[in-house]
Amino acid sequence: MPTSTQKAKKGMDQHDILACIKKKKSSYAKIAIALDVHQTSVRSVAIGKGESHRIATHIAKLIGKPIDDIWPGRYNYQPRDSYKDRCENARAVA
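Listed below in structure tokens is the structure:
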């Protein structure tokens, strides 16, 4: 339980996220088309039931907020290197 000096960071509510998306003249469907994913995948990420760094990053860029302000602590990792980069790194070590 956080004390008064260390308040837990609260993210955005699903309704706030949707309102911001609509303010930018977009929708879950338009995001899904842009990312070539299903609309329910976008909705699941937006409401906090699903996880996709790619979808979350797109939503964050669209509404102009840092990803950690929208979903605090949920996406605090970096996507891994591409397969090609991982192979090159493995060859360099060997």
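Just so you know, we're using our numbering here: the sequence shown kicks off at 6 and counts up by one. Positions of the beta carbon are idealized from the N, C-alpha and C atoms, including for glycine.
| Check | Outcome |
| --- | --- |
| Does DSSP classify SER49 as helix, strand or coil? | helix |
| Closer than 6 Å by C-beta to TYR80: which residues in its own chain qualify, once you throw out the five before and the five after it? Chain order, please. | HIS58, ALA61 and ILE72 |
| Name the residue from ALA51, GLY69 and TYR88 whose alpha carbon lies nearest to the alpha carbon of TRP76. | ALA51 |
| What residue does the alpha helix (DSSP H) around TYR33 start on, and which one ends it? | 33-40 |
| Check each candidate in LYS35, GLY55, LYS70 and ASN94 and name the one with the smallest Cα separation from ILE22. | LYS70 |
| Could you spell out where the alpha helix (DSSP H) holding GLU93 opens and where it closes? | 88-98 |
| May I ask you to report which of helix, strand or coil DSSP gives HIS43? | coil |
| Tell me the residue span of the alpha helix (DSSP H) that contains LYS28. | 19-28 |
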